[in-house]
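Following the working numbering, the numbering of the sequence shown begins with -1 at its first residue and continues without gaps. Note that CB positions come from ideal geometry on N, CA and C, so glycine has one too. None of the values given here were measured: they were computed from a predicted structure. Below is one structure, written out as structure tokens; comments come after it.
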Amino acid sequence: MTESVWDYPRPPRVEPCSAAARVEHAGRVVADSPRAFRVLETSHPPGIYIPGADCDETLLVPSSTVTVCEFKGVASYVDLVVGDLLVADAAWVYREPRPGYEAIRDHYSFYPGRVDAAYLDDELVTPQAGDFYGGWITSGVTGPFKGGAGTRGW
-1 MTESVWDYPR PPRVEPCSAA ARVEHAGRVV ADSPRAFRVL ETSHPPGIYI PGADCDETLL
59 VPSSTVTVCE FKGVASYVDL VVGDLLVADA AWVYREPRPG YEAIRDHYSF YPGRVDAAYL
119 DDELVTPQAG DFYGGWITSG VTGPFKGGAG TRGW
């Protein structure tokens, strides 16, 4: 069964992810969880939020980047450091999410395009286009998706 991102709500909805989420980089498993959440918002592929307890937080270093989502609140970013390799702003986390989004508190959402691989179950995820949004595209999700050139005003 496929889902159209145009059927997703606005404001976004948080729901448990039925698939296990895994993130790999430089030969390391950075995150692996059967307990992730999906954030579903009109025109966006799902954002996947992985509990900090299911991430190797020794590889995640706070960065100075902060953004604000009108719905979820203030997001703090982390760099991913594996050995001598540094991936700037590889993921973000809401430490104090706004009401309605408490389920994703202290869960990391990784940009699949900034790591070597991101999976939902055994399916390799396609990154959402652009450098701002971090949606995870799988065969179960159809667009068109916001994020690429010319979609800013959607």
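query, result
"Cα-Cα separation between T124 and P142, rounded to whole angstroms", "14 Å"
"Length of the line joining the Cα atoms of L38 and S61", "26 Å"
"Alpha-carbon to alpha-carbon, T65 and G151", "19 Å"
"Beta-bridge pairing of I48 - partner residues as DSSP gives them", "Y106"
"Sub-8 Å separation of A101 and V21 beta-carbons", "no"
"Cutoff 6 Å; reference S2; Cβ partners in own chain excluding five residues on either side", "T140"
"Integer Cβ distance of G25 from D104, believed to fall under 8 Å", "Rounded, the Cβ-Cβ distance is 26 Å, inconsistent with contact."
"Length of the line joining the Cα atoms of P32 and E121", "14 Å"
"Three-way DSSP call (helix, strand, coil) for D82 in this model", "coil"
"Whole-angstrom distance between P95 and V72, CA atom to CA atom", "7 Å"
"Close Cβ partners of P10 (< 7 Å) along its chain, the five nearest in sequence each way excluded", "V37, L38, E39 and F69"
"Own chain residues within Cβ distance below 8 Å of G145, not counting five before or after", "H42, Q126, A127, G128, F130, Y131 and G133"
"Residues that H23 bridges to, as DSSP identifies them", "R26"
"Y99 versus V12: straight-line alpha-carbon distance, rounded", "7 Å"
"Three-way DSSP call (helix, strand, coil) for D119 in this model", "coil"
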